[in-house]
Amino acid sequence: MDEEIPRVAVTPAAADLLRRLRAMHGPLMFHQSGGCCDGSAPMCYPDGEFRTGGSDVLLAELEVEGVDETVSFWMSRSQYELWSHTRLIVDVVEGRGSGFSLEAPEGVRFLIRSLLIDV
1 MDEEIPRVAV TPAAADLLRR LRAMHGPLMF HQSGGCCDGS APMCYPDGEF RTGGSDVLLA
61 ELEVEGVDET VSFWMSRSQY ELWSHTRLIV DVVEGRGSGF SLEAPEGVRF LIRSLLIDV
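In the numbering used here, the protein residues as written are 1 to 119.
Next up, the structure:
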C-alpha cells in the first residue's frame, strides 16, 4: 500500500525553530500568501492571530515532534490554484525577513522549497 505524501512538510531546522517559537509564543500557525517579496514567504503567527476566511485553504495540520499541538498551514486560495501540484517544504535560512512573521527577531526566516507531485 502506498503511503500518501504529505502536501506540506518541515525540515529538521524548521522543526527546531518551531519548537523554540512555540515555547515563546504558544500554539502556532502558518499562512502562505501570494503577495510579492516577503508576502510570498510563509508567515508564522500565534495560532489565530492571522484571520483566515473563505479566500484561504487549510493545506495541512503539521505534527512537529516536541510540539503538543499541530501547526496549521494555510494558503490563499488563489496561490493554491497555482501551487496545487507541488509539495511544500518549510525550511529556514539565515537572514531576517521584513514581514511580521514570529521568527524575524531570531535572525532567520522561513522559506518554501517545493517539489512537483502528481495529484
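Even for Gly, the Cβ is constructed at its ideal location relative to N, Cα and C.
Selection from the options that minimises the alpha carbon distance to residue i
i       : options                             : result
Ser-84  : Gly-99, Met-43, Leu-59 and Leu-102  : Leu-59
Phe-100 : Leu-115, Val-64, Tyr-80 and Ser-33  : Ser-33
Ser-78  : Phe-50, Gly-66, Glu-65 and Gly-54   : Gly-54
Arg-22  : Thr-52, Phe-50, Tyr-45 and Val-108  : Tyr-45
Phe-50  : Trp-74, Pro-105, Arg-19 and Asp-118 : Trp-74
Glu-69  : Ile-5, Ser-76 and Pro-27            : Pro-27
Span separating the alpha-carbon of residue i from that of residue j
i       : j       : result
Met-43  : Leu-115 : 20 Å
Val-71  : Gly-95  : 23 Å
Leu-18  : Val-8   : 15 Å
Ile-117 : Gly-48  : 30 Å
Cβ-based burial, residue i [other Cβ within 10 Å; buried from 16]
i       : result
Arg-113 : exposed
Met-1   : Any answer about Met-1 is weak, because its pLDDT of 36 lies below 50 and its placement is not dependable; what the coordinates show is given next. It is exposed - the Cβ of Met-1 has fewer than 16 other Cβ atoms within 10 Å.
Should the region 7-15 be regarded as contacting the region 89-96, the criterion being three or more beta carbon pairs within less than 8 Å? Counting Cβ pairs under 8 Å, three or more are found: they touch.
Give the list of continuous alpha helix (DSSP H) stretches no shorter than 4 residues that lie fully inside the region 44-109. Restricting attention to alpha helix (DSSP H) runs no shorter than 4 residues, the region 44-109 encloses them at 77-83, ordered along the chain.
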